[in-house]
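One structure is given below, encoded as structure tokens.
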Amino acid sequence: MTGAIDPRHYPPRRLPPTTRDTTRARLRAVPKIDPRERFGPQYAELTRLVETAATIEPEQGRAIENTWYQHRGRRRFAARSAASSAAAKAGRLICQIDARQAAWSASELPSRDAAGDAAHALAVRDLIGEIFTHEDYDELVLPWVATMGAIHPQDGAA
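The opening residue of the sequence shown carries number 1 in UniProt numbering; numbering runs sequentially from there.
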């Protein structure tokens, strides 16, 4: 041997039992968050959107993706910004981010961005007004709604 340390002479590193037990307990202690707290006032519609996103068929995903690509551009980015501003002003940015992430994660790759945009808008639908307009809302939900149908009971009524 040339002075190198032979790892076979040392036991594997392990956490002490109390540390392992504490870590496991912490991992099990992650609370399940009530959807009303997680998503805000539109929790029922957002929960339904996330559940639907998890079950769409491949051809639906491609149709959603095609519509999303056709409607990309400055208007969509401005609408996203308006939705985020409304959420921040109302103190609901975390709810909006959680909703967007849940929809995006539940979706298959082709429809992820559209599902995320729809959730982003739906999370602040009740805040439609000067900052976040109905046109902004429609811009963000269009790719999803064009294939999957309305995501809120009042959609199409305004």
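Yeah, the Cβ is synthetic: ideal placement off N, Cα and C, and Gly gets one too.
### Query
What is the DSSP secondary structure of Ile131, counted as helix, strand or coil?
In the structure shown, Ile131 sits in coil (DSSP, three-state: anything other than H, G, I, E or B).
#### Entry: Per-residue burial, Arg36 [other beta carbons within 10 Å of its own, 16 or more giving buried]
Looking at its Cβ environment, which holds fewer than 16 other Cβ atoms inside 10 Å, Arg36 is exposed.
### Task
Under 8 Å by Cβ, that's how I've got residue 175 and His152 pegged, so tell me the actual separation to the nearest angstrom.
Outside the modelled stretch of the chain, which goes from 1 to 158, sits residue 175, for which no answer is possible.
### Pairwise C-alpha distance: Ile33 and Val141
If I take the Cα positions, the gap works out to 26 Å.
### Query
Checking contacts by CB at 9 Å: is Ile64 closer than that to chain C?
Here there is only one protein chain, and chain C is not present.
### Query
Ala150 by DSSP, collapsed to three states: which one?
Residue state, collapsed to three classes: coil.
### Query
Can you list, in chain order, the residues of its chain whose CB lies under 8 Å from that of Val145, leaving out five sequence neighbours each side?
Closer than 8 Å at the Cβ level, and outside the excluded window around Val145, lie Ala118, Ile151 and Asp155.
### Message
Nearest by alpha-carbon distance to Leu46: which of Gly129, Cys95 and Thr133 is it?
### Response
Nearest option by C-alpha distance: Cys95.
### Query
Is the distance from the Cβ of Ile128 to the Cβ of Tyr137 below 9 Å?
Ile128 is a Cβ neighbour of Tyr137, given a cutoff of 9 Å.
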